[in-house]
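Under our numbering, the first residue of the sequence shown carries the number 343, and numbering increases by one thereafter.
Backbone N, C-alpha and C define an ideal beta-carbon position, used for all residues, glycine too.
All values derive from a computational prediction rather than experimental measurement.
The structure appears below as structure tokens.
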Amino acid sequence: MPSNAGTTRLVIVESPAKAKTISGYLGPGYVVEASFGHVRDLPRNAADVPAKYKGEPWARLGVDVDNGFHALYVVSADRKQQISKLIKLAKEVDEILLATDEDREGEAIAWHLVETLKPKVPVRRMVFHEITKPAIQAAVANPREIDRSLVDAQEARRILDRLYGYEVSPVLWKKVMPKLSAGRVQSVATRIVVERERQRMAFRTAEYWDILATLAVGNAGEGPRTFNATLVALNGDRIATGKDFEPTTGKVRAGAGVVHLDSSGARGLAARLDGRPFTVTRVEEKPYRRRPYAPFITSTLQQEAARKLRFSSQQTMRTAQRLYENGYITYMRTDSVNLSETAIAAARRQIVELYGERSVPPEPRRYTGKVKNAQEAHEAIRPAGDNFRTPGDVAKELSGEEYKLYELIWRRTIASQMTDAVGSSVSVRIRATTTAGEEADFGATGKTITDPGFLRAYVESSDDENAEAEDAERRLPNLVKDQPLTADELAAQGHHTQPPSRYTEASLVKALEELGIGRPSTYASIMQTIQDRGYVVKRGQAMIPSFLAFAVIGLMERHYPRLIDYDFTASMENELDEIAGGDHAAVDFLTAFYFGTTNGAGDQDIARSGGLKKLVTENLSEIDARSVNSIPLFTDEEGREVVVRVGRFGPYLQRALPGEQPAPKAEGEEGGTPGDRAPIPEGLAPDELTPEKVHELFLGGGGERKLGDDPATGEPILLKSGRFGPYVASGERKSSLLRSQSPDSLTLDEALKLLSLPRLVGVAPDGAEVFANNGRFGPYVKRGDEFRSLDSEDQMFTVTLDEALTLLNTPKTRQRRAAAPPLREMGADPLTEKPLVIKDGRFGPYVTDGETNASLRRGQTPEALTLEEASEMLAEKRAKGPAPKKATKKTTKSTAAKATKATKATKTTAAKSTAAKTTKATAAKATKAAATKATKAAPKKAAPKKATSARPE
């Protein structure tokens, strides 16, 4: 697009990638340059404050709170060179166009550029929500002025967060630990995660049973012959299910009016029903209809990318940023579900092409957002342009991450304009009378989808790992009232109530959005900040709060409850939205929050208490540091109160009788006597501190217990507990307890035996030493590189040289014994979708997905282990990676082997790359081929995608 004759324009954007894309659409007469994000900000520390302001009382804040909350902005050191370049360019052009993003952050960057560059030529603002040639040309043709209301809202947010952080954080330094930080939104997000962990810690599991009947019809016709039905009532009273139990006691809720079956009760009832006739008592059929999901906004994109692609919030936004800057999608920070008329038209055209005219509703679909005061950009996230490119069309141009995210956005956008999914749902009740005259009612539900509609293109995932997919069908036989049935099988099955699931990044973003906390531009940074600050760690997808987070949130709840109140934080967001809309003055809002004036602005509770400044200074002396750093767990069998204390060197356990004061601190200690303290192993989650685990950690008196001295060396022999169980240590020697040993009853002689491992059994005739030891796969004997397993742990200490040599001279048994049946089948792993089972191994029960194994920890049982816990254990094991292999002694062969492997690896990589590219190239053809099938019984997901054959099996 040529500029006016003789006119040169400088277009400033945030990033070089965005500059490169836009410059290609503008042509000669335009110079496109990047600012590299924000060019100036509040001082990060005292060193950033200019010398002339260092003596000011407000210098540490970077905000002159006594003069209209005037902000002190400094140019970032790493931006000075670029600013000099922009100032030079500004002097050489006739006009400047600020093309930063169209949200508050982008508006603020534009304003800061004007304030910093101080140009002498006209400055206009150009805005667009997608980087396509028509959109850029339209933006150039229709510039506007900088929106000061949006700038004021962003500045007010920045100052508000600075005041909150810089006033509250010092309280944490003095009362909890140095270098901690508090934040208006990060503290609330941390509170949500901590509250969920508290619920898990207070949870008590309950066992309940029911009966699963496999029922058969005499003449099935076109439907299935058998179906499953579950016992739902006995003599008219409902059978207890998980929702009927109090989570903190594991007891049936008062007034529930249910029948609680245990194992013997369920088995006995099944026996009394054996051979009895079953009769259909009720059949209810209803139409099923499911409307499409709205197009993506920032929060829903992050949620679905986490569920389907296992992306973190940061990963999702980085990838979306690249797609936006390179012209593939519209702006990705938005809470509007609106689609433009051109986007709706493009989607409807593509649906007709791919799925047929029957898949397009008569009228376009328009969505209304649920987010209060939806703002930022004004359109949902969708493929860019007036004609959408299918994933097959762009496959060769995108990286793996970009392709996956683009496909997700494309599918969601297309599905949003398709027809409803329709079908029918059936509810059936069946009754049988036992030999004792009891009336047992069974229930079954079915769902049949006659027209999948939008489900052909997109099916939303759920945070509930047990939730049924929306496109799943459950077909029942054609049943009528009074129809006789027979029971092929009656299986009593037990269940355990499960604690509430931990938050993932996806579910935490969803919770924040529902509470009205945060905005599209802040979700990803919130997720990252609470992890960077050490308040939350991720195990797999689950977010686990640290004990440090417990201490910080405990302090805030007791002494500054309003500052982490959900309604308060949401109201702050609403006030900032009003400032952005020009309906409220930023100075009034900040004055009420900080000084507590009663001008009707800001939070009135904070205002009435004298504002933030008074709140954090006057109440400081009332905060007892020891109390806020103590997290109560429970009272043990001896009446001692067990607490977790957060100390300078990490969290530790302490126990004492009520009213009993711990002994004074010794030098370098956290306080208390050695007998009443125990360290908490790194990586142990708060809800894993069960009474059994705590007992193990104390080991009868403390974090370690002296068993005696080694007669040979004189060094003390200590019994300790680690994350993976108890062990003995003396000097540099360590040895885990055997499977048959207990820390409570371990003797000095037994410890000496353990420390004698590996035991030298003797010397073979060829001069090689023979050892007995305990390893990962159990006890064994070893000579050189030859290993043979021993039958029991006791043999490690009793096997003779002759017995060992006989065993070592026996050829290795290649065939495997018949695999024992699993102890329990758990279902599909929510992370990998592989089936998980619990098996009994040489060292006890373990969970496996067929590739990765994780032993159950102390206190965990095969019956009570949850699917979420199993998934976390395997994810943690996978994250550690395989154990490092020992280097081979044959260096020549090793080098040759490496060279061979490298050659093979190159060929393999090339083959995979070729396969992937071939797949991408043919994806578009596959997509178009789907259009011819759309009017028939089309598959539910007929959109293009990369072939999975390119992945290693």
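#1: Using the Cα positions of P476 and F730, report the straight-line distance between them to the nearest angstrom.
#2: Do G727 and V679 count as a contact pair if the criterion is CB distance below 8 Å?
#3: Is there contact here, the stretch 453-468 with the stretch 885-903, by at least three beta-carbon pairs under 8 Å?
#4: Have a look at the DSSP bridge pairing and note the partners of R624.
#5: Please state the DSSP three-state secondary structure of F784.
#6: According to DSSP, which residues form a beta bridge with K1181?
#7: What residues are listed by DSSP as bridge partners for M885?
#8: Quick check on this structure: which residue in P1107, S1098, D1108 has the alpha carbon closest to the alpha carbon of A1114?
#9: With 16 other CB atoms within 10 Å as the buried threshold, where does W515 fall?
#10: Quick check: G785 and V625, are their CB atoms within less than 8 Å of each other?
#11: Measuring CA to CA, which of R707, P1053, T658, A413 is closest to G742?
#12: Suppose contacts are defined by Cβ-Cβ distances below 8 Å. Is P1153 in contact with S1134 by that definition?
#13: By the 10 Å Cβ neighbour count, where 16 or more other Cβ atoms means buried, how is L1102 classified, buried or exposed?
#14: When DSSP builds the beta bridges, which residues end up paired with Y630?
#15: Straight-line CA distance for D830 to K585?
#16: Residues in the same chain with beta-carbon distance under 8 Å from V355, minus the five sequence neighbours each way, listed in chain order, please.
#17: Using a Cβ-Cβ cut-off of 6 Å (strictly less than) and excluding sequence neighbours within five positions of V353, which residues of its own chain qualify?
#18: Since E312 is in the beta strand (DSSP E), which residue starts that stretch and which ends it?
#19: P1085 by DSSP, collapsed to three states: which one?
#20: Closest by CA to P485, which one among S491, V469, V493, A495?
#21: Just to confirm the assignment, what range does the alpha helix (DSSP H) spanning K427 have?
#22: Is it the case that the Cβ atoms of I751 and F653 are separated by a distance below 8 Å?
#23: Taking the straight line between their C-alpha atoms, what separation do you get for E802 and H720?
#24: In whole angstroms, give me the CA-to-CA distance for R844 and R881.
#25: Classify M1168 as helix, strand or coil using the three-state DSSP reduction.
#26: If you measure from the beta carbon of H838 to each beta carbon in chain D, is any gap under 8 Å?
#27: Do L615 and T776 have their beta-carbon atoms positioned less than 8 Å apart in this structure?
#28: For K746, I'd like the list of residues in its chain whose CB is within less than 7 Å of its CB, leaving aside the five on either flank, ordered along the chain.
#29: Verify whether the separation of the beta carbon atoms of A912 and I859 is less than 8 Å.
#30: For a quick check, are the C-beta atoms of R1019 and L995 less than 8 Å apart?
#31: Give the secondary structure of R402 by DSSP, where H, G and I count as helix, E and B as strand, and everything else as coil.
#32: Roughly how many whole angstroms lie between the Cα atoms of A359 and R664?
#33: Just the C-alpha distance for S357 and D1029, rounded to the nearest angstrom, thanks.
#34: What residues are listed by DSSP as bridge partners for W453?
#35: Span of the alpha helix (DSSP H) holding V482?
#36: With a CB to CB cut of under 7 Å and the five nearest residues on each side skipped, what residues in its chain are close to I425?
Quick look at the numbers:
#1: 14 Å
#2: no
#3: no
#4: R771
#5: strand
#6: Y1188
#7: K880
#8: S1098
#9: exposed
#10: no
#11: T658
#12: no
#13: exposed
#14: G765
#15: 29 Å
#16: A361, I364, V374, E375, A376, S377, A441, T442
#17: Y372, V374, L439, A441
#18: Given a span of 343 to 1295 for the chain in the structure shown, any question on residue 312 remains unanswerable.
#19: coil
#20: V469
#21: 422-432
#22: no
#23: 23 Å
#24: 10 Å
#25: strand
#26: Any reference to chain D falls outside this structure, which holds one protein chain only.
#27: yes
#28: L651
#29: yes
#30: yes
#31: coil
#32: 8 Å
#33: 44 Å
#34: Bridge partners of W453: none, in fact.
#35: 475-483
#36: V381, V417, T458
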